[in-house]
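Asks:
Protein chains in written order, with this note's numbering: chain A, 17 to 130; chain B, 1477 to 1589.
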């Protein structure tokens, strides 16, 4: 089954404790992206990647890191989480350039930083 | 700068009513894509439609229709004969062909039986 998977689905952590949210797709998609969703703000793009070893900042990259060492994986790293990073996070992928193809979204990761 | 505005925060309708969700966008680019996504109460994001800036034809898919007007920078979404299953948050989004996506804040639609 074609899908985007994220782990964990739920995470409660404390300020400053490094964490990684994994994202994997099995569709051989080139483009992958991370978003956060907050009430009243919709989805905001954090980082995106056009292909292996190619990443770029979205609108809200501060406090986040990403890497794209393999085509299928695009982990989101919070090196020192803070309470304002409490949010619902979505990973997405699409076959080609994001504007020319449908984005498929993962199920979301709800992160709480205490 | 790009921006997507969905002025309607919440809409409630009674089943079988028609409802239109508004989307207004801002971009300086001449090549761009517009999207609508649905987020039902279960939380996943479901793709509904993609439209490029050179195609202003309206589109109909079953009970759903979309009206794209470049003159007013709008890409409105109409649900005809709404059903309870249409209850969701709907997002309009813009991509400027530069890989950066901008989403609107969403409109929460409640369809009452």
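In this text, a Cβ means the ideal position worked out from N, Cα and C, and glycines have one as well.
Counting only C-beta atoms, is residue 1503 (chain B) closer than 9 Å to chain A at any point?
Replies: No, residue 1503 (chain B) does not count as interfacial toward chain A.
Asks: Name the chain B residues whose beta carbon is nearer than 7 Å to that of residue 61 (chain A)?
Replies: Correct list: 1576, 1577.
Asks: Run the CB neighbour count on residue 1562 (chain B), radius 10 Å, all protein chains shown included, and call it buried at 16 or more, exposed below.
Replies: Buried, by the Cβ-count rule.
Asks: For residue 1530 (chain B), count neighbouring C-beta atoms within 10 Å of its own C-beta (all shown protein chains included) and say buried if the count is 16 or more, exposed if not.
Replies: It counts as exposed.
Asks: Show which residues of chain A have a CB atom less than 8 Å away from the CB atom of residue 1581 (chain B).
Replies: Within chain A, the residues near residue 1581 (chain B) are 56, 57, 58.
Asks: Could you have a look at residue 1548 (chain B) and say whether DSSP puts it in helix, strand or coil?
Replies: The answer is helix: DSSP assigns residue 1548 (chain B) an H, G or I state.
Asks: Is DSSP giving residue 1560 (chain B) helix, strand or coil here?
Replies: In this structure, residue 1560 (chain B) counts as helix in the three-state DSSP scheme.
Asks: Does residue 1484 (chain B) come out as helix, strand or coil in the three-state DSSP assignment?
Replies: Of the three classes helix, strand and coil, the one that applies to residue 1484 (chain B) here is coil, per DSSP.
Asks: To the nearest angstrom, how far is it from the Cα of residue 53 (chain A) to the Cα of residue 1580 (chain B)?
Replies: The alpha-carbon atoms of residue 53 (chain A) and residue 1580 (chain B) are separated by roughly 11 Å.
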